[in-house]
Amino acid sequence: MNKYMKQSNLILLLVLCISGVSIAQSSHPHVHNRAIEFPDIPGYMTMKCDLHMHTVLSDGSVWPNIRIQEALRDGLDAVSITDHLEYQPHGDDIPHPDRNRSYQLAKQAAEGEDLIVINGAEITRAMPPGHANAIFLEDANKLNQDDVMEVFREAKRQGAFVFWNHPNWTSQQEDGVASLKELHLQLLSEGLLNGIEIVNGDTYSDEALQIALDHNLTMLGNSDIHGLIDWQYDVPHGGHRPVTLVFASEKSEESLKEAFEQRRSVVWFNNTLVGKAEFLTPLIEKSLKVTRQGNSVVQSLLIENQSDADYILENLSAYTLHDHASVIILKAHETTRIQVKLLQERSTFDLRFKVLNAFTEPDQHPEISMTVE
Ligand SMILES: [Zn+2]
Ligand SMILES: [Zn+2]
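The sequence shown lines up with residues 14 to 386 when you count with our numbering.
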């Protein structure tokens, strides 16, 4: 944008203000940077995490410090670089016998920043069990052994949190339908598998979500980035990487680990939220601030959406709307006016909506309520 354009925009804004056009009356774009934004929920801080990414120390294309720079730009709270333990295609050019090295380099790159870097690695095997990430590791080198059950047992000995990666990956599961094999059941029975990716990169799995619900596993959504976040997710044009939103008591590694173990997470990808209603519902309700305009039978309300999600809501209230059909869209970081036909003046009333771009289980949407006073 050149200097002349900036000036003309400023003049336009002044004209609008002087002429009494109230910007709050209509939906208006809020100047918003690329940082991923969701509110805290009662009792917990909402931590934005990407726990699956690669560097040149396995099959990625960048040095670990670039992963940290990307995470800072995206406003993440925690990351784990999870280079493959058993797959080192750049090994001849970049030999590194220490499997903790990408963690150490990332940790150095994040020094002085408000970003938690977690030691992690990707256990990289044929299906079953396929790939799994172990995070909160003490020493990734000790996972470099042949017997796959022993690898998972060693991760557990170190107190790691372990999740099944991309169970829907068509290279290992031709039909894309995540399904538990005998070996997974054994891992589950020994308590060696604690979570599952229901989102990996740009793929989503309803079946993985069902497995998470059936076996009480933590739901995760991660980028599994190998190239650049900006290119993969078209960030300059409003795209975003998938993240796992984790609800922690405080911003610390210990607190995050406790939150993962207690399965307090919601997955955010492609303008869709997935998680249990006990976390999803307060997250969406806290995203929305409703303000009443005056007091009338056809009541105007302003709903400010303070999150990154464009919420698609279906009206379940006792009242119909005057300016919308039964589906409304509340755009991210914008204020939307709705008019509610109350049939008589009411000092207080409740609205209820189904959130169509959120899921608590396959084909099930959470419901939110708003009390207007
Ligand atoms: Zn993998
Ligand atoms: Zn991976």
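Think of the CB as a built atom: it goes at the ideal place given N, C-alpha and C, for glycine as much as any other residue.
If you're wondering where the values come from, they're calculated on a predicted model, not measured in any experiment.
Starting from residue i, follow the beta strand (DSSP E) in both directions and report where the run begins and ends.
i: Asn328; result: 324-328
i: Glu317; result: 311-318
i: Phe174; result: 174-177
Return helix, strand or coil for residue i, following the three-state DSSP convention.
i: Asn46; result: coil
i: Glu386; result: coil
i: Val368; result: strand
i: Lys354; result: strand
i: Thr294; result: helix
i: Arg166; result: helix
i: Trp244; result: helix
i: Val190; result: coil
i: Gln306; result: strand
i: Gln377; result: strand
i: Leu222; result: helix
i: Leu206; result: coil
In chain order, what residues of the same chain have a beta carbon less than 8 Å from the beta carbon of residue i, not counting five sequence neighbours either side?
i: Leu156; result: Leu98, Arg112, Ala134, Ile136, Ala147, Leu150, Val164, Glu167, Ala168
i: Asn318; result: Ser300, Leu301, Tyr324, Leu343, Lys344, Ala345, His346, Glu347, Thr348, Thr349
i: Pro102; result: Ser71, Asp72
i: Asn207; result: Phe174, Val175, Phe176, Leu230, Thr231, Phe273, Glu274
i: Met140; result: Gln185, Gln186, Lys194
i: Thr183; result: Gly189
Counting only the same chain and skipping the five closest in sequence on each side, list residues whose C-beta sits under 6 Å from that of residue i.
i: Ile242; result: Glu83, Arg254
i: Gln306; result: Ser313
i: His335; result: Val311, Gln352, Lys354
i: Ser93; result: Leu64, Ile131, Gly133, Ile148
i: Glu274; result: none
i: Thr333; result: Lys354
i: Leu364; result: Ser330, Met383
i: His109; result: Leu70
Opposite residue i in the DSSP bridges: which residues?
i: Tyr217; result: Val212
i: Trp281; result: Val256, Leu286
i: Leu340; result: The sequence shown places Val at residue 340, rather than the Leu named in the question. Partner(s): Glu327.
i: Ala134; result: Ala147
i: Val234; result: A quick correction: the sequence has Gly, not Val, at residue 234. In the DSSP output, where bridge partners are listed per residue, Gly234 has Val212.
i: Met60; result: Val259
i: Phe362; result: Val385
i: Leu301; result: Asn318
i: Leu334; result: Val353
i: Thr348; result: Glu317
Which residues in the same chain as residue i place their Cβ atom closer than 7 Å to its Cβ, once the five residues preceding and following it in sequence are excluded?
i: Ala191; result: Pro180, Asn181, Ser218, Glu220, Ala221, Ile224
i: Lys270; result: Phe149, Phe174
i: Leu293; result: Val279, Leu286, Ala371, Thr373, Pro379
i: Ala123; result: Ile81, Val130
Could you spell out where the alpha helix (DSSP H) holding residue i opens and where it closes?
i: Lys289; result: Note, Lys289: premise wrong, no alpha helix (DSSP H); not H, not E.
i: Leu264; result: The question names Leu, yet the displayed sequence has Lys at residue 264. Counting along the chain, Lys264 falls outside any alpha helix (DSSP H), and DSSP gives it neither H nor E.
i: Gln199; result: 195-202
Please list, following the chain, all residues that have a C-beta closer than 5 Å to any non-hydrogen atom of ligand 3. Ligand 3 is absent from the structure shown, which contains only ligand 1 and ligand 2.
Which runs of the alpha helix (DSSP H), 4 residues or longer, sit entirely within the segment 63-129? Listed in chain order, the alpha helix (DSSP H) elements of length 4 or more contained wholly in the segment 63-129 are 77-86, 114-122.
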